[in-house]
């Protein structure tokens, strides 16, 4: 039996709790400072790339440990594919952006402001993968 | 935006959509197995409180075998579950490490016997304490996590089995438990009974022989 409340907790916990710093900064800038903010500025530090890879690797470990998934199964292949398709874009984006910034005498303040969509798709993929792991390990069962 | 940028943007999104569709379409098959009607998926970790709720709620439960280094007393909800199970004549059998046998006889095992005695008097059961609670010494040291074997009446008169393992070694009751895959459970049951445990005598009356888990597991 599926627990809707557990699914809601997962969604709220992952999106609100996992990205808490982001929401705090957003609230401070918008409601305390009263300023306009864009997604490019808010996500310009590339934090979502770290969040995505961290969530994906954590989910993968949970799947193999608690889901008793063995290599060579459909579940394992889904996990490998998902992690590959999240890690590679995140790594490529980081490698393309950071070396020039590190070698520059005046690095940009928000170097990932041009990679917002990429960060959002990585985050989407990671959250969906975490949901898959939750289903597979029975975390949403009553 | 280059082709690389587009690819790296589209790929995670495509993967996410595909996994989401796959998960929703195969939701029933992806959920952990709940074999034999036991209300616990394989791999799901549960606390002792949840363990008590499950132990007390298994329908047609016949026997509980606890293999552990030593016996620990049930408290709170677990004690209530044990009482209720004894009242419905569920047999509790303890398998303890070879070196612990004599200590366990005068240890917390007596609490289980006392609970069984109280339940027999209260519920006016026509049973002896030994019909409900027994203990055996394993011919080796159980330097592992505690394992709990549940056996309940299944379909067609066969016994269905479920095995939980704790998270702490050399304990009687662990902090949390998880259900093992049926094939692991079978292997452990066979290994456990490869050498017959020695019944421990508490009173002058002889203990019943160890219930045959092996045959029941094979039936399952």
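Residue numbers (our numbering), protein chains in the order written: chain A, 88 to 229; chain B, 14 to 233.
Beta carbons: idealized from backbone N, C-alpha and C, even for Gly.
Sequence-distant residues of its chain with Cβ nearer than 6 Å to residue i (five each side left out)
i	result
residue 58/B	189, 191
residue 166/A	147, 150
residue 142/B	126, 129, 130
residue 49/B	Summary for residue 49/B: the model assigns pLDDT 47, below 50, so the residue's position carries little reliability, and this model does not support an answer.
residue 108/B	80, 149, 151, 210
residue 248/B	The structure shown does not extend to residue 248/B, since chain B is modelled only from 14 to 233, so the question has no answer here.
residue 200/A	127, 131
residue 82/B	110, 155, 183
Close-in-space but distant-in-sequence residues of the same chain around residue i (CB under 7 Å, 5 per side omitted)
i	result
residue 203/A	126, 127, 130
residue 146/A	216, 217, 220
residue 177/A	136, 139, 140, 209
residue 103/B	74, 75, 76, 77
residue 93/A	226, 227
residue 136/B	100
Residue i - partner residues in DSSP beta bridges
i	result
residue 160/B	80/B, 178/B
residue 166/B	172/B
residue 59/B	190/B
residue 228/A	89/A
residue 74/B	165/B
Alpha-carbon spacing of residue i relative to residue j, whole angstroms
i	j	result
residue 158/A	residue 151/A	9 Å
residue 55/B	residue 153/A	9 Å
residue 181/B	residue 36/B	34 Å
residue 29/B	residue 133/A	20 Å
residue 143/A	residue 95/A	19 Å
residue 266/B	residue 97/A	The shown model of chain B, from 14 to 233, leaves out residue 266/B, and the question about it has no answer.
residue 123/B	residue 223/A	42 Å
residue 163/A	residue 18/B	28 Å
residue 5/B	residue 138/B	Coverage of chain B is limited to positions 14 through 233, which leaves residue 5/B absent and any answer about it impossible.
residue 103/A	residue 63/B	28 Å
residue 90/B	residue 205/A	50 Å
Chain E within 9 Å of residue i, Cβ atoms only
i	result
residue 132/A	In the displayed structure, chain E is absent; the protein chains listed are A and B.
Sequence-distant residues of the same chain with beta carbon closer than 8 Å to residue i, five excluded per side
i	result
residue 98/B	68, 69, 74, 77, 105
residue 85/B	121, 184, 185, 186
residue 124/A	113, 116, 117
residue 110/A	103
residue 194/A	188
**Request:** Below 9 Å between beta carbons is the criterion; list the residues of the stretch 168-182 of chain A that meet it against any residue of chain B, in chain order.
**Result:** 168, 169, 171, 172, 173, 175, 176, 177, 179, 180
**Request:** Taking a Cβ distance cut-off of 7 Å, strictly less, list which residues of the stretch 205-229 of chain A are near chain B, in chain order.
**Result:** 205, 208, 209, 211, 212, 215, 216, 218, 219, 222, 223, 224, 225, 228
**Contact residues within the stretch 18-30 of chain B, judged by C-beta distance below 9 Å to chain A** = 18, 20, 21, 22, 23, 24, 25, 26, 27, 28, 29, 30
**Prompt:** Using a Cβ cut-off of 8 Å, which residues of the stretch 52-79 of chain B contact any Cβ in chain A, in chain order?
**Reply:** 54, 55, 56, 57, 58
**Item:** Segments of 4+ residues assigned as alpha helix (DSSP H) that fall wholly inside the stretch 140-228 of chain A
**Value:** 161-190, 203-223
**Prompt:** Listed from N- to C-terminal order along the chain, which residues in the stretch 189-203 of chain B have their beta-carbon within a distance smaller than 7 Å of any beta-carbon of chain A?
**Reply:** 194
**Asked** Residues in the stretch 142-154 of chain A with C-beta within 8 Å of chain B's C-beta atoms, listed in sequence order?
**Response** 153, 154
**Request:** Compile a chain-ordered list of the residues in the stretch 124-139 of chain B whose CB is closer than 7 Å to at least one CB of chain A.
**Result:** none
**Item:** Residues from the stretch 140-152 of chain B in contact with chain A, defined by Cβ distance under 7 Å
**Value:** none
**Asked** Which residues, in order along the stretch 183-196 of chain A, keep a beta-carbon less than 9 Å from a beta-carbon of chain B?
**Response** 183
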